[in-house]
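These notes concern the structure reproduced below.
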Amino acid sequence: MPKNKWISFFLCLLFGLFGAHKFYEGRILLGILYICTVGLFGVGVIVDLIILFFKPNPYYP
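With this note's numbering applied, the sequence shown covers 23 to 83.
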């Protein structure tokens, strides 16, 4: 099912440290990892924001 890039982007921007964008994409285990490591120590959130910004809309995770 295609996902909206902007929903995922803003979820990552606002709640990325808790992995909200990963849960939206259906990647439950990565979401749990983001919760346990606080967004991969913040680095994962920054990388995900950059990647999400350049993805097409809609995209397939």
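The beta-carbon is built from N, C-alpha and C at its ideal position, and this holds for glycine as well.
Terminal residues of the continuous alpha helix (DSSP H) containing residue i?
i	result
Y56	50 to 63
Could you have a look at residue i and say whether DSSP puts it in helix, strand or coil?
i	result
Y46	helix
K25	strand
Pop quiz: residue i and residue j are said to be a contact at Cβ under 8 Å. What is the actual Cβ separation, rounded to whole angstroms?
i	j	result
L74	S30	6 Å
Return the chain-ordered list of same chain residues with a C-beta closer than 7 Å to the C-beta of residue i, the five sequence neighbours on each side being excluded.
i	result
K44	L52, G53, Y56
G66	Y56
K77	K27
Note down, in chain order, each residue of its chain lying with its Cβ closer than 8 Å to the Cβ of residue i, except the 5 sequence neighbours on either side.
i	result
R49	P83
G41	L52, G53, I54, L55, Y56, I57, G61
Applying the 10 Å Cβ sphere with the 16-neighbour rule, what's the burial state of residue i?
i	result
G64	exposed
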